[in-house]
Every structure is written in structure tokens, then in C-alpha cells.
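Undergrad: Residue 648 is where the sequence shown starts when you use the numbering used here, and the numbers rise one by one after that.
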Amino acid sequence: MGELRKDYFLDRWVIIASERGKRPHEFVQEQVKQKAGKCYFCPGSEDETPPEIFRIGAKNRWKMRVFPNKFAAVRQEGQASIKTDNIFYTFSANYGMHEVIVETNDHKKQLWDLAPKDIVDLISLYSMRIKELGKMNGIKYVQVFKNSGKEGGTSILHSHSQVIAYNKVPELVEQEAKAIKEFKEKMNICPYCCIINSEKDSFRRCFENRNFVAFAPYASRFPFEIWVLAKQHVKSITDLDNGQVKDLAEVMNSILKKLKKLNAPYNFMLHNSPAGEDFHFHIEILPRLATWAGFEFNGTIINTLPPEEAAKFYRGE
Ligand SMILES: [Zn+2]
Ligand SMILES: [Zn+2]
Ligand SMILES: [Zn+2]
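Now the structure itself:
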């Protein structure tokens, strides 16, 4: 049994191939062995990171720290404006700010070991950095994301998130904003608001509380892919009130606890409104238990775990 599925509104296609699929427990990853050596994200190494921007907690007992990434992908140098030379060559400097948020002072803990109240703190740091960096000259978008585990693309095991503010709206966020606008023009309602209504009681439902829902999207690209959406039509994480932040932290905690059971490497990305445009805030969580190969890089993805099965795993069935 399998299906070719199209994303709710993007022109993005996925082959759900359950006949070659594994059962959820077959996705469990081996524990990564900790490499010996000094960790610069640990307490005691504060002077060896670039100068601190912010911390939560007291002088010697900080809980979370924000500082510039030593190996920044973008820098506050050169021209932020994008230009075209000779028709084909469109470019700018790799302009922007790249920051690290260390999520805990405990080297042995991962985000999935923290409590919902710690995730509330982390969300407040995300919002603070998005607001602050978004105001800076030449910045079009502030991307908050997390890479966890080797296949998630991280080389540093100490639990951390990253923030990249740069001179462009990421293509996927731009596509989503465009699709929202077009859908609204036709149907007079936000597509995400509609999707929430049809998914929150579907076979793909995973978690729900007063302000948030999480479900495995219909055309999931990855085994155990899960999206977290605000029930209210909120444009950005910076617009959430305290009750919404608390509920978001609770849902994120539930998801992370499940990913811990699989010891899954993963990425998550915040999808916020680009430059105040209409948008529906959500977080996309992409466990990295499958490797993309030739076929996937041409555009259509093969996912060997149907989202309906992934949802059962999240619901504990
Ligand atoms: Zn450490
Ligand atoms: Zn909406
Ligand atoms: Zn999105």
C-alpha cells in the first residue's frame, strides 16, 4: 500500500511507501558515543565563546546563554542588497548575524530532557532574538532552528539552538506566505486555520491542548515529521501571550519526549511571518532517520513511514 501525495498547498510531492516501510520501533537509533575533549558550551568556558549577548540565570549559575556563533555562516559585513550582474549572476554578501543559544548548563542533558518550564524560557529567548535582530538594517528574516544529533547536522553535542538573521526570506517561508495570500483571496480564510480543523481529529492527530495542535502532515517528507500549529491565527512566535507560550512548551515537550524514545536526530525550524506579512505561525519538526538519495534530490520524496503510523507512535498507541 502506498500513495503519491501533494502537500496541502505547496507544489511539493511525497511518495508514502508503506510496503517498503519499517515499523516505528525499527527506526530507533544507536546511542552516539561522546567524544572526549573540552566543550566550549559548558560552564567554565564562558570566556572562550564570543562575547555573551544575553543569559538567563545568575553569574555563576546561568541556565541559558546567547552569543554569536564563532563559525558564523553570515556576518555583519559587506552589502546586504541583492544585485544582478550580466543577467545570470545574482548575489550579495553573506550578510547577517548568526547566534547560538545554549539551552542548558548541563552537558549531559538534551532539549528532550528539559522540563516544559525550561522550554518556556527558551521560547522567550527565541522571541527576544527575533524581535531584536529583525530590527537591524538589511535583515529580511530571522530564522530560528535547531539541529540535534549527527544526522541532524550538529557537531557539538551540548544542547543548543541557532539563530540566523539574514537579507532574504527563506524560500519555503516565502512559498507558504504566497500560498496563504492566494488561498485567502479565493476562500476568504487562512489555509492553516482550515488544515487545523481537518487534522486535529484525523488519523494524523498527535497532540492537542488549549492553544496548540500537533499532527503528522498529510504529505510528510520524513518518518515521524510533525508540525505544531497555534490554534489561533497568530503570525509569529513573538505575538504569543503567556498562556500560548506555556501551551506551546507543553506540546514541544511531549514531542521531544517521543523523539527521545527513538533517540532520533532531528531538525526543527520556526516558521514566522516574513516582514509582518499575513502568516500562520508554526514549527516544523523533521526527524532525520532516513537518508535522501538521488530520487529525492530531484524533488519528489519517498517516505517509508506513513504519517498515520507516525501519529499512532506519538499518541502512544
Ligand atoms: Zn558542554
Ligand atoms: Zn491561520
Ligand atoms: Zn512551514
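For each residue, glycine too, the CB sits at the ideal point set by N, CA and C. Predicted, not measured: the structure shown is a model, and the values here were computed from it.
#1: In chain order, what are the residues with a CB under 5 angstroms from some non-hydrogen atom of ligand 1?
#2: Nearest by alpha-carbon distance to residue 814: which of 839, 781, 843, 832 is it?
#3: Count the other C-beta atoms from every protein chain shown that fall within 10 angstroms of the C-beta of residue 819, then say buried if there are 16 or more, exposed otherwise.
#4: Would you say residue 818 touches ligand 3, meaning its beta carbon is less than 7 angstroms from a heavy atom?
#5: Can you tell me whether DSSP reads residue 892 as helix, strand or coil?
#6: Do three or more CB pairs link the segment 729-736 to the segment 748-759 at distances below 8 angstroms?
#7: Using only the alpha-carbon positions, how far apart do residue 927 and residue 937 sit?
#8: Terminal residues of the continuous alpha helix (DSSP H) containing residue 822?
#9: So, is residue 834 buried or exposed, given that buried needs 16 or more other C-beta atoms within 10 angstroms?
#10: DSSP three-state call for residue 651: helix, strand or coil?
#11: Whole angstroms is fine: what's the gap from residue 903's alpha carbon to residue 850's?
#12: I'd like the list of long-range same chain contacts for residue 661, defined as Cβ closer than 6 angstroms, with 5 residues on each side in sequence excluded.
#13: Mind checking whether the beta-carbon of residue 823 lies closer than 7 angstroms to any heavy atom of ligand 3?
#14: Are residue 716 and residue 790 closer than 8 angstroms when you measure CB to CB?
#15: Could I get the ranges of all uninterrupted alpha helix (DSSP H) runs contained in the segment 742-788, with 4 residues as the minimum, in chain order?
#16: Please confirm if residue 867 has its CB atom under 8 angstroms from at least one CB of chain D.
#17: Would you tell me roughly how many angstroms separate the C-alpha atoms of residue 658 and residue 812, rounded to the nearest one?
#18: At which residues does the alpha helix (DSSP H) containing residue 725 begin and terminate?
#19: Pull the bridge partners of residue 1003 from the DSSP assignment, please.
#20: Judging by CA-CA distance, which residue of 864, 884, 916, 829 is the nearest neighbour of residue 952?
#21: Could you tell me how far apart the beta carbons of residue 621 and residue 754 are, in whole angstroms, since I believe they sit closer than 8 angstroms?
#22: Quick check: the Cα distance between residue 873 and residue 769, rounded to an integer number of angstroms?
#23: Are there 16 or more other CB atoms within 10 angstroms of the CB of residue 802, so buried, or fewer, so exposed?
#24: Between residue 931 and ligand 3, is there a pair consisting of the residue's CB and a ligand heavy atom that are separated by less than 7 angstroms?
TA: In terms of the structure at hand:
#1: One residue after another in chain order, those with a Cβ under 5 angstroms from a heavy atom of ligand 1 are 686, 688, 689, 754, 805.
#2: Position 167 of the sequence shown, counted from the first residue, corresponds to residue 814. Per the Cα distances, 781.
#3: Position 172 of the sequence shown, counted from the first residue, corresponds to residue 819. With fewer than 16 other Cβ atoms within 10 Å, it is exposed.
#4: Within the sequence shown, numbered from 1, the residue matching residue 818 stands at position 171. Answer for residue 818: no, Cβ out of range of ligand 3.
#5: Here residue 892 refers to the residue found at position 245 when the sequence shown is read from its first residue. In this structure, residue 892 counts as helix in the three-state DSSP scheme.
#6: The segment 729-736, when compared against the segment 748-759, does not touch it at the 8 angstroms Cβ threshold.
#7: Looking up residue 927 in the sequence shown gives position 280. Looking up residue 937 in the sequence shown gives position 290. Taking the straight line joining both Cα atoms gives about 28 angstroms.
#8: As a first step, residue 822 must be located in the sequence shown, where it is residue number 175. That run of the alpha helix (DSSP H) goes 818-834.
#9: Translated into positions along the sequence shown, residue 834 becomes position 187. Classification for residue 834: exposed.
#10: Position 4 of the sequence shown, counted from the start, is the residue given in the question as residue 651. Strand.
#11: On the sequence shown, position 256 is the one that residue 903 refers to. On the sequence shown, position 203 is the one that residue 850 refers to. Approximately 20 angstroms, taken between the alpha carbons.
#12: Mapped onto the sequence shown, residue 661 falls at position 14. Here the set comprises 652, 866, 868, 948, 950.
#13: Sequence index remark: in the sequence shown, residue 823 carries index 176 (1-based). Within the cutoff, so yes.
#14: One-based indexing of the sequence shown puts residue 716 at position 69. One-based indexing of the sequence shown puts residue 790 at position 143. It is not a contact, given that the beta carbons lie outside the stated cut-off.
#15: The qualifying runs are 763-781.
#16: Of the protein chains in the structure, only one exists, and it is not chain D.
#17: What you label residue 658 is simply residue 11 of the sequence shown in a count that begins at 1. What you label residue 812 is simply residue 165 of the sequence shown in a count that begins at 1. When the Cα atoms are used, residue 658 and residue 812 turn out to be separated by approximately 27 angstroms.
#18: Indexing the sequence shown from 1 puts residue 725 at position 78. DSSP places residue 725 outside any alpha helix (DSSP H), giving it a letter other than H or E.
#19: This structure cannot speak to residue 1003, because the chain is shown only from 648 to 964.
#20: Stepping through the sequence shown from its first residue, residue 952 is reached at position 305. Nearest of 864, 884, 916, 829 to residue 952, Cα basis: 864.
#21: A question about residue 621 goes unanswered here, because the residues of the chain that appear run from 648 up to 964.
#22: Within the sequence shown, the letter at position 226 stands for residue 873. Within the sequence shown, the letter at position 122 stands for residue 769. A direct Cα-Cα distance of roughly 20 angstroms separates residue 873 from residue 769.
#23: Stepping through the sequence shown from its first residue, residue 802 is reached at position 155. That one is exposed.
#24: Reading the sequence shown from its first residue, position 284 is the one you call residue 931. Yes; taking the cut-off as 7 angstroms, the Cβ of residue 931 has a heavy atom of ligand 3 nearer than that.
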